[in-house]
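For reference, the structure discussed in these notes is given below.
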Amino acid sequence: MAGPPVILAMALLLLGQGPERLQVTSARGTTAVELRQHPAAGALVPLGTLARALGGTVEISDEWVVLRTGTGRFRFLPGTPLVEDGTAMQMMPADTRRSGDTTWVPLAFVSQVLADPGRRGWTYSAASATLAEGPPIDVLVTRPATTSVGAEARARLPSGLRPGHRVTIDPGHGGTDPGNPGRFFPSGMTEKHVTLAVGLLVRDELERRGVKVTMTRTTDTLINLGHRAPRYCRDDCDLFVSIHVNALDPRPGYDKARGFETFFLAEARTADAARVAAMENEALRYEVEEEAEVVQGLDFILKDLQVNEFLRESARAAQLVQSHLREVHDGLDRGVKQANFAVLGTARRPAILVELGFGTNRQDAQLMTTPSGQRALATSLADAVIAYLREHERKTGTGEGGG
8 MAGPPVILAM ALLLLGQGPE RLQVTSARGT TAVELRQHPA AGALVPLGTL ARALGGTVEI
68 SDEWVVLRTG TGRFRFLPGT PLVEDGTAMQ MMPADTRRSG DTTWVPLAFV SQVLADPGRR
128 GWTYSAASAT LAEGPPIDVL VTRPATTSVG AEARARLPSG LRPGHRVTID PGHGGTDPGN
188 PGRFFPSGMT EKHVTLAVGL LVRDELERRG VKVTMTRTTD TLINLGHRAP RYCRDDCDLF
248 VSIHVNALDP RPGYDKARGF ETFFLAEART ADAARVAAME NEALRYEVEE EAEVVQGLDF
308 ILKDLQVNEF LRESARAAQL VQSHLREVHD GLDRGVKQAN FAVLGTARRP AILVELGFGT
368 NRQDAQLMTT PSGQRALATS LADAVIAYLR EHERKTGTGE GGG
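Here the sequence shown stands for residues 8 to 410, where the numbers follow the working numbering.
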């Protein structure tokens, strides 16, 4: 993950002190690519000029714009922050934009996607706004003779991970906030009971595999939404996972809706995503008022940029959760969505919110309230977290939490 220098560079960019041009250095020579500054999106790169500097091509295919280079094929959907890198859909911190015949992509595509260490094709320097052909120098350094493959293998946990990862599990609601009542839940059981039961099982499963876990709550207690992420998922935390149960208000056919979905923080793009966020944000009415933290100036910009920095990681974690839940949940895969959840709004690390199913549907309710169903859901969530941490290690080359 990007460190403080990258965040600071992005902050300076928003303050009008960002790079005016991108230097692309390769065996073909050095090319200066003029950047355009956008008040909301930051630095934008003209894709056609970038392609020529990379020795690649740009094609327009239906709604997509395709960049082909020697290191891969990338598809952009103008008007959205989506980019497909050939293996997965990723999120950039700003939208791809079209202006006349020119397609503009965020500079983050160059620094985070094109120069992803896992590709070993390009290296980006934020300090000089330079994209250079080849992997970082430290990637090319030969492993010291004293380090053996066997020693490296022994340093790994049975799960295949290196030691040091930490994940925060947040069972939604609690205490005076029961969450939704769950029409088909057993008598006396509400959303807060289901989320805690599943959350504790996820904790046990992750700890069994060597991952450290912080719980926002382990009992039936109320934790303010604004405190859950910043107080329980700090710099040593790799991922924040908030667990919830969906529901619909009574109306014709409402008990037929079922399935699972995973959210990350961004403005809702659909009415249903906005509905789910509004439902979960109702928990704010149960909270005890405390003096709010006031963040101003550059600190505010840096915190906002930290949220944006982790959008791509959050979106990827959400994709992995959906793919693993699909193996045990026979309801509809409702996909990865984005919405403005209060519990995710204060997160300074990658963060997602999982809706396990509908308490207003008989089949979903049975899955979420039986011991076998809860264990299956918890195991799938743990599998997804492990898969995310493995990808994180491959991208960063480190196994320490919060890297």
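Ideal placement from N, C-alpha and C gives every residue a C-beta, glycine not left out.
Which of helix, strand or coil DSSP assigns to residue i
i, result
"Asp-262", "helix"
"Thr-37", "strand"
"Thr-403", "helix"
"Ser-118", "helix"
"Asn-288", "helix"
"Ile-144", "Unreliable placement is indicated for Ile-144, whose pLDDT of 45 sits below 50; the coordinate value is still reported in the next sentence. Three-state result, Ile-144: helix."
"Ile-250", "strand"
"Glu-334", "coil"
"Arg-43", "strand"
"Asp-227", "coil"
"Met-196", "coil"
"Ala-411", "Coverage of the chain is limited to positions 8 through 410, which leaves residue 411 absent and any answer about it impossible."
"Leu-363", "strand"
"Val-220", "strand"
"Thr-376", "helix"
"Asp-245", "coil"
Where residue i falls, given that 16 or more other Cβ within 10 Å makes a residue buried
i, result
"Arg-173", "buried"
"Gly-49", "buried"
"Gly-186", "buried"
"Thr-2", "Examination of residue 2 is not possible in this model, given that the chain is present from 8 through 410 alone."
"Glu-198", "buried"
"Ile-67", "exposed"
"Thr-110", "buried"
"Pro-77", "The sequence shown places Gly at residue 77, rather than the Pro named in the question. So Gly-77 ends up on the exposed side."
"Ser-249", "buried"
"Leu-20", "With a pLDDT of 45 at Leu-20, under the threshold of 50, the modelled position of that residue is not reliable, and the figure given next carries that caveat. Leu-20 is buried by the Cβ-count criterion."
Member of the options whose CA lies at the smallest distance from the CA of residue i
i, options, result
"Gly-479", "Gly-342, Ala-349 and Ala-322", "With the chain running from 8 to 410 in the structure shown, residue 479 is simply not present."
"Arg-382", "Gly-266, Gly-206, Val-248 and Leu-121", "Gly-206"
"Gln-326", "Trp-111, Glu-41, Ala-394 and Ala-254", "Ala-394"
"Asp-371", "Phe-192, Ala-95 and Arg-241", "Phe-192"
"Leu-332", "Leu-318, Leu-61, Pro-357 and Met-375", "Met-375"
"Met-196", "Leu-384, Thr-377 and Leu-388", "Thr-377"
"Gly-141", "Thr-37, Val-40 and Gly-128", "Gly-128"
"Arg-238", "Ala-322, Gly-107 and Thr-175", "Thr-175"
"Ala-204", "Met-222, Arg-215, Arg-216 and Val-343", "Met-222"
"Ala-284", "Gly-352, Leu-51 and Val-335", "Gly-352"
"Arg-356", "Ala-322, Asp-337 and Arg-210", "Ala-322"
"Thr-403", "Thr-32, Arg-235 and Asp-245", "Asp-245"
"Gly-79", "Ala-385, Glu-70, Glu-91 and Lys-263", "Glu-91"
"Ala-134", "Ala-95, Arg-82 and Glu-27", "Glu-27"
"Asn-347", "Leu-388, Thr-130, Leu-272 and Gln-373", "Leu-272"
Nearest-angstrom beta carbon gap, residue j and residue i [assumed within contact, 8 Å]
i, j, result
"Glu-400", "Leu-168", "7 Å"
"Pro-345", "Ala-391", "The residue asked about is misnamed: residue 345 is Gln in this sequence, not Pro. Actually they do not touch by this definition, with Cβ atoms about 18 Å apart."
"Val-117", "Leu-29", "7 Å"
"Gly-366", "Gly-189", "3 Å"
"Met-98", "Arg-397", "Wrong, their Cβ atoms sit about 20 Å apart, outside the cutoff."
"Val-40", "Leu-57", "6 Å"
"Gln-329", "Thr-269", "5 Å"
"Phe-247", "Asp-184", "Actually they are not in contact, since the Cβ atoms of Phe-247 and Asp-184 sit about 19 Å apart, beyond 8 Å."
Closer than 8 Å to chain B by CB, residue i
i, result
"Trp-71", "Going by chain labels, chain B is absent from the structure shown, which holds only one protein chain."
For a minimum of 3 consecutive residues, which ranges assigned as the beta strand (DSSP E) are wholly contained in the segment 47–135?
Entirely contained in the segment 47–135, the beta strand (DSSP E) runs reaching 3 residues are, in chain order, 49–53, 64–68, 71–76, 79–83, 89–91, 96–98, 104–106, 109–113 and 129–132.
Query raised in the report: If you scan the segment 163–187 from start to end, which runs of the beta strand (DSSP E) of 3 or more residues do you find wholly inside it?
Result: Taking 3 residues as the shortest admissible run, the segment 163–187 contains the following complete beta strand (DSSP E) segments, listed from N- to C-terminal end: 173–178.
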